Every structure is written in C-alpha cells, then in structure tokens.
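The structure appears below as structure tokens.
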Amino acid sequence: MAPTNKADRKAVVDASAWMFNVVTSVGIIMVNKALMATYGFSFATTLTGLHFATTTLMTAVLRWLGYIQSSHLPLGELLRFVLFANFSIVGMNVSLMWNSVGFYQIAKLSMIPVSCFLEVVMDKIRYSRDTKLSIAVVLVGVGVCTVTDVSVNTKGFVAAFIAVWSTSLQQYYVHHLQRRYNLSSFNLLGHTAPAQAGTLLLLGPFVDYWLTSKRVDAYSYNLVSIMFIILSCTIAVGTNLSQFICIGRFTAVSFQVLGHMKTILVLIMGFFFFGKEGLNLHVVLGMIIAVAGMIWYGNASSKPGGKERRSPSLPTTRQQKPGSLSDSNEHDAKV
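If you're matching positions, the sequence shown starts at 1 in the UniProt record's numbering and goes up one per residue.
This is how it looks when you write it as structure tokens:
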C-alpha cells in the first residue's frame, strides 16, 4: 500500500508544482503586457533584473529565518549558468525585436528538439516512438496556434539561434545542477538569483537603450506604473521558483512540452482581457491538437521505455542538510 500512497503523493505534488508554474507564468505575462503596452514601460531586461533582485530578497529572508540551509555550488558552475541564463534573456528580447512574430514562435518551438538533443547527448536519454510522435503533435498544434507570417533575416536568425540554445542550456542546467549537487529549488535559486540580479541590473539599462533607444531613468514613473512593476516583481518570485521546482521534478523537455499549455492560456486570456487577438478556427484547432499531444506525451513518456536513461544518474556531491526547505525531488521518477 505504501508505494501506491507514495505514487499518489508524488502525483499530487507534481500537479501542484505545475499549476503553480502555469498560474504565475501566465499572470506575469498578463501584468507585463499591461505594463508595457498600456504604460509604455518597455525596459524588459532591466525589469528582469528587478525580478531577480526581488527573488534574491525572498531567498535572503528565508535563509535568515532558517528555512534554507547553506549549500555549495562551485563558482565555475554558477558563472556558466548565469552566462546561459543572461544570454537567454537578452537573446529572446533581441529575437523578438529583429524577427517577425512567426519566426520568433518557430524559434521558441525549436527549443523542444534542442532540449531533446541535449538530453540524448548529455544524459543518454532514449525516447520511444510514441514519445517522439507525441512531441511532434505538440509542435504541430502550437505551430498552428501561433505561427503567422514568417520572414527571416541574417541578424534575426543569429539572435534566435543564440536565444534557443542558451535557453535550452539554461533549463538543462537547472536539472543538471540540482541532481549533481543535490540542491533544492530554493537553494539553487539562492545561488543564482543574486548573480543574475547584479549582472542584469548593471547591463539591463544599456541593453534596453540599445533595443528601444529609450533610457529607463528618463521614463515617466507614476503611482500606477510603479504598482504594476511591484506586482510584476512579486509574481516573478513565484515564476522563478516554480520553474526550478518543475525542471527539478521533471526534465527540461517535459517542461518545454507542457509549457506550451501556457502559450494556449496566454492566447485565451489575451482574447478576454485585451481583445486584440481573436480565437479563430485555426487557432482553436491548433489548441485542440496541442492539448491532445500533451496528453499523449504524458502517457507515452511515463510508460516503461517511454523515456529512460541509458547510463547511471550523475553522482551527487553534497547531501541536503536535514531541516532545510526542499521540494522533495525524486530523481528516479523524472518524466
């Protein structure tokens, strides 16, 4: 009876973690869209730096209260992660600016095969035929939903290439570092958030000026826009934490596949709240195909042989201290 209870408990925690990520991710997109479209705060890189500064404050408070114990992450690993993460943020912003919406969406979709490639090469993961087909169905469905005009230019292609690979590496690295150094999501976030906050707040204003020709210090701040910035930073704490929890409990590929549920929710909520993007027939059809693919992926990858490692897991180098705040990673049950 115990294994069943353990499996049920894991399923409940997995579902809760995923819902936490979906709610916070969709919420922050809606808030940021209002902040940028309605109030003209177009400084995305600087805003991300503020997000990580708020997250750093949260982890500092939790550490002071004793919920997060000290842990070890080598400086080289930390710098490598921050490099991937910051290139991901800047690359995505530049890709959106230099590419059409259609090519930008195609680039985002290509993160799934890139993440699969990283898992096959780095972790020796093997996928079954059904798992591969289910991923293809998700890609087709989301593509039908989101891809419109597609035009490519050289600098846009380079920006998209950097964005895709850096984002995939950053997400792979979250999973890798948690397994290798036996870090909870809180601990890993406690190591990475301060470094990302510092670098993005230092470089963000210059990057944003390069992208928008506007200075963040010259923006006309008012009470409403400041409240939206504070709300965005508050939600970002949950978004950053939930991303680490989900990738720690699942894998980067599963996070990408199921993550497209957020794309569908953003389309629906954008229609209801902003009324600019209609839900026409081909968008609804794409949503149905994508959701069917996600359900198929969940079933296919959880079956024996659906997605399995061909070599032993990475050894952990440090055990988590008792009493620390943990998200109960179960490394042998990744999907």
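Every residue, glycine too, gets a C-beta built ideally from N, C-alpha and C.
Just so you know, these numbers come straight off a predicted model, no measurement behind them.
- Message: Rounded to whole angstroms, what is the Cα-Cα separation between C145 and G66?
- Response: Each residue's alpha carbon lies about 46 Å from the other.
- Item | Beta-bridge partners of R126, as assigned by DSSP | BP columns for R126 point to E308.
- Message: According to DSSP, simplified to helix, strand and coil, what is L133?
- Response: Reduced to three states, the DSSP call for L133 is helix.
- Message: Three or more C-beta pairs under 8 Å: does that hold for the region 65–79 against the region 138–158?
- Response: Not touching, per the Cβ criterion.
- Counting Cβ pairs, one atom from each stretch, are 3 or more of them under 8 Å apart for the region 67–87 and the region 216–236? The count of Cβ pairs closer than 8 Å, one atom from the region 67–87 and one from the region 216–236, stays below three, leaving the stretches out of contact.
- With a Cβ-Cβ cutoff of 8 Å, do S151 and F103 count as a contact? In terms of Cβ geometry, S151 and F103 form a close pair [threshold 8 Å].
- Query: Can you round the beta-carbon distance between S115 and Q256 to whole angstroms, since I take them to be within the 8 Å contact cut?
  - Reply: About 5 Å separates the two Cβ atoms, so the contact holds.
- Kindly confirm or deny that the region 96–112 and the region 174–183 touch, where touching means at least three C-beta pairs closer than 8 Å. No, they do not touch.
- If you follow the alpha helix (DSSP H) that F87 is part of, which residue opens it and which one closes it? From DSSP, the alpha helix (DSSP H) with F87 extends over 75–98.
- Pairing CB atoms from the region 227–244 with CB atoms from the region 89–96, are three or more of them under 8 Å? The region 227–244, when compared against the region 89–96, does not touch it at the 8 Å Cβ threshold.
- Message: Looking at G204: is its Cβ nearer than 8 Å to the Cβ of T56?
- Response: Taking 8 Å as the Cβ cut-off, G204 and T56 do not qualify as a contacting pair.
- Round the Cβ separation of G293 and D130 to the nearest angstrom and send it over; I've been treating them as touching at under 8 Å. Between D130 and G293 the Cβ distance is about 11 Å, and since that is not below 8 Å, they are no contact.
- Message: If distances are taken between C-alpha atoms only, which option among L265, N240, P304 comes closest to M287?
- Response: Of the candidates L265, N240, P304, the one whose C-alpha sits nearest the C-alpha of M287 is L265.
- Query: Assuming I89 and T48 make a contact with CB atoms under 8 Å, what is their CB distance in whole Å?
  - Reply: By a beta-carbon distance limit of 8 Å, I89 contacts T48. Their separation comes to about 5 Å.
- Kindly indicate which residue of S301, F43, N299, L281 has the alpha-carbon position closest to the one of G141. Out of S301, F43, N299, L281, L281 has the C-alpha closest to the C-alpha of G141.
- By how many angstroms is the C-alpha of D208 removed from the C-alpha of T148? Distance between the alpha carbons of T148 and D208: 27 Å.
- Query: Got a sec, what are the start and stop residues for the alpha helix (DSSP H) D217 sits in?
  - Reply: In the DSSP annotation of this structure, D217 is not part of any alpha helix (DSSP H), being labelled neither H nor E.
- CB-CB under 6 Å to T24, same chain, minus the five flanking residues each way: which ones, in chain order? Contacts found: I235, G238, T239, S242.
- How would you label L200, buried or exposed, when you count the other beta carbons within 10 angstroms and need 16 or more for buried? Counting the other CB atoms within 10 Å of its CB gives L200 a total of 16 or more, which places it among the buried residues.
- Could you spell out where the alpha helix (DSSP H) holding residue 342 opens and where it closes? As shown, the chain starts at 1 and ends at 335. That puts residue 342 outside it, with no answer to give.
- Task: Under 6 Å Cβ to Cβ from S42, same chain only, skipping five residues before and after it: list those, please.
- Result: M36, T212.
- Query: How many Å lie between I268 and G27 at the Cα?
  - Reply: Cα to Cα, the separation comes out at about 13 Å.
- Message: The alpha helix (DSSP H) that contains T46, what's its start and end?
- Response: Segment 44–64, the alpha helix (DSSP H) holding T46.
- Buried or exposed by the 16-neighbour rule on C-beta atoms within 10 Å, applied to F206: Exposed, by the Cβ-count rule.
- Message: Taking 8 Å as the limit between beta carbons, can you name the residues of its chain near E119, skipping five residues before and five after?
- Response: Within the same chain, E119 has close Cβ partners I125, Y172, T251, A252, V253.
- Of the residues A44, S301, D8, R80, the one placed nearest H176, counting alpha carbons only: Comparing alpha-carbon positions, the option among A44, S301, D8, R80 lying closest to H176 turns out to be R80.
- Item | Contacts around R63, its chain only, beta-carbon distance under 7 Å, and the 5 residues preceding and following it disregarded | Sequence-distant partners of R63 (beyond 5 residues in either direction) whose C-beta falls short of 7 Å from its own C-beta, in its chain, are G190.
- Item | Expected contact under 8 Å - CB spacing of L44 and A107 to nearest Å | The residue asked about is misnamed: residue 44 is Ala in this sequence, not Leu. Actually they do not touch by this definition, with Cβ atoms about 17 Å apart.
- Does the Cβ of H72 have 16 or more other Cβ atoms within 10 Å, making it buried, or fewer, making it exposed? The C-beta of H72 has fewer than 16 other C-beta atoms within 10 Å across all chains shown, which makes the residue exposed.
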